[in-house]
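Q: I have a structure I would like to understand better, so I am pasting it below and will then ask my questions one at a time.
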Amino acid sequence: MSASIHLEATLFSGQSFAWTQQDGIYQAVLNQELVSFTEESFHTVVSSNPQLRHYFDMDWEYEKALSHLSSLDGHLSEAIQSYRGIHILNQDPWEVLMSFLLSQNNNIKRIRSMYQKLSEVYGAHIEGPWYAFPRPQHLQGVTQRELRALGMGFRAPYLLDAIQNHAILAGIPLLSDQKASEELQTIKGVGPKVALCILAFAYHRQQAFPLDTWMLKVMKTYYPGRDASYFAPYAALAQQYLFHYERTQGGRS
DNA sequence: GGCCAGGCCCCAG
DNA sequence: CTGGGGCATGGC
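Counted from 1, the first sequence has number 179 at position 179 by full-length UniProt numbering; the numbering is strictly sequential.
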């Protein structure tokens, strides 16, 4: 059993936009159900629930991966020391697809608020202020005008194309990384970077190494001339540490 | 109040 | 194949 998961760094490092944290309570709707826990109750809540165990990826080889990555270089080792316990979640592919369509030329705060907006307007009501993220069938018939009125901006047509072609997602597990990426990119608004985020955060492909503006800066500064292969076979996990570290303290005075 | 954000589309060369 | 403008919006 792996040591400890770093809940805050895992849930707020830009791989999921479903979570809130207030007064020490983490909450989100998963599988049409409200999930709540604190740092103290997390293990009790999760260990008795196989679906949550899988969602939080509690049985993967994090010890082995971190031991390897820490040996690579000082910068990565520092990022790992700072946030040891980041897990890569096994999220629903549909929600990850939609989330990262929203992500382009956008910031994490606003991605989260747009995700919540779609949930409140089109998703099933769960309880109190909580809504599930809408399934594709809940979004049939939605128009571009509606989506733009909700503030989705130029991403509206991309969301519509994803709604029409969501069936692509079911076939992704059968494909190689390369073929899977090409298949995802047949959806409008999905380019190389968004495809890699989907492969990493929904399909747990460890070779996926998405490069956004932050990661481009990291690579230029600390890893000139290198690429994902340097971090193999744990590129996705390395990327998540480097991304989060850069956005929080790394490089800041 | 301008700059920037987990980019991509589209069109020129 | 590569480069660069345009794109909606709001947080800061």
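Beta carbons are placed, not taken as given, at the ideal position from N, Cα and C, and that holds for glycine.
Of the choices Lys-64, Gly-189 and Pro-173, whose alpha-carbon is the least far from that of Ser-103?
A: The closest CA to that of Ser-103, considering only Lys-64, Gly-189 and Pro-173, is found on Gly-189.
Q: By the DSSP assignment, the beta strand (DSSP E) with Ser-36 in it spans what residues?
A: 33-37
Q: From the DSSP output, in three-state form, read off Thr-186 for me.
A: coil
Q: Trp-19 to Ala-9, Cα distance in whole Å?
A: 12 Å
Q: With a 10 Å radius around its C-beta and 16 neighbouring C-beta atoms as the bar for buried, classify Gly-151 as buried or exposed.
A: When all chains shown are included, Gly-151 counts as exposed.
Q: Distance check for Phe-100 and Gln-203, CA to CA, integer angstroms please.
A: The question names Gln, but residue 203 is Tyr in the sequence shown. Those two C-alpha atoms are separated by around 14 Å.
Q: By Cβ distance, which residues of its chain are closer than 7 Å to Ala-195, with the 5 residues on each side in sequence left out?
A: Ser-181, Leu-184 and Gln-185
Q: So, using beta-carbon positions, are Ile-187 and Asp-161 closer together than 8 Å?
A: Contact flag set, yes.
Q: DSSP on Ala-55, reduced to helix/strand/coil?
A: Note on identity: in this sequence residue 55 is Tyr, with Ala being the wrong assignment. Helix, per DSSP.
Q: From which residue to which residue does the beta strand (DSSP E) around Val-29 run?
A: 25-30
Q: Around the C-beta of Ser-47, are 16 or more other C-beta atoms found within 10 angstroms, so that it is buried, or is it exposed?
A: exposed
Q: Alpha carbons only, please: which of Lys-109, Trp-94 and Ser-229 is nearest the one belonging to Pro-136?
A: When each option's Cα is compared against that of Pro-136, the closest is Trp-94.
Q: Which of helix, strand or coil does DSSP assign to His-75?
A: helix
Q: Spatial neighbours of Val-38 within its chain, please: CB distance less than 8 Å, with the 5 preceding and 5 following residues excluded, ordered by chain position.
A: In the sequence under discussion, the amino acid at residue 38 is Thr, which differs from the Val named in the question. Contacts found: Gly-24, Ile-25 and Tyr-26.
Q: Select from Pro-210, Pro-192, Phe-201 and His-125 the residue whose C-alpha is nearest the C-alpha of Glu-33.
A: Closest by alpha carbon: His-125.
Q: Can you tell me whether Pro-200 is buried or exposed? The criterion is at least 16 other CB atoms within 10 Å of its CB, across all chains shown.
A: This sequence places Ala at residue 200; Pro is not what is there. Answer is buried; the Cβ neighbour count reaches 16.
Q: On a Cα-Cα basis, can you pick out the residue from Pro-50, Leu-147, Gln-144 and His-43 that is closest to Ser-4?
A: His-43
Q: From Val-45 to Pro-134, what distance separates their C-alpha atoms?
A: 25 Å
Q: How is the alpha helix (DSSP H) around Tyr-164 delimited, first residue to last?
A: According to the sequence as given, residue 164 is Gln; it is not Tyr. Looking at the DSSP string, the run of the alpha helix (DSSP H) that includes Gln-164 is 156-164.
Q: Helix, strand or coil for Ser-253? Go by DSSP, reduced to three states.
A: Only weak support is given to the placement of Ser-253: the predicted model assigns it a pLDDT of 32, under 50, and the value that follows is read from those uncertain coordinates. If DSSP states are grouped into helix, strand and coil, Ser-253 belongs with coil.
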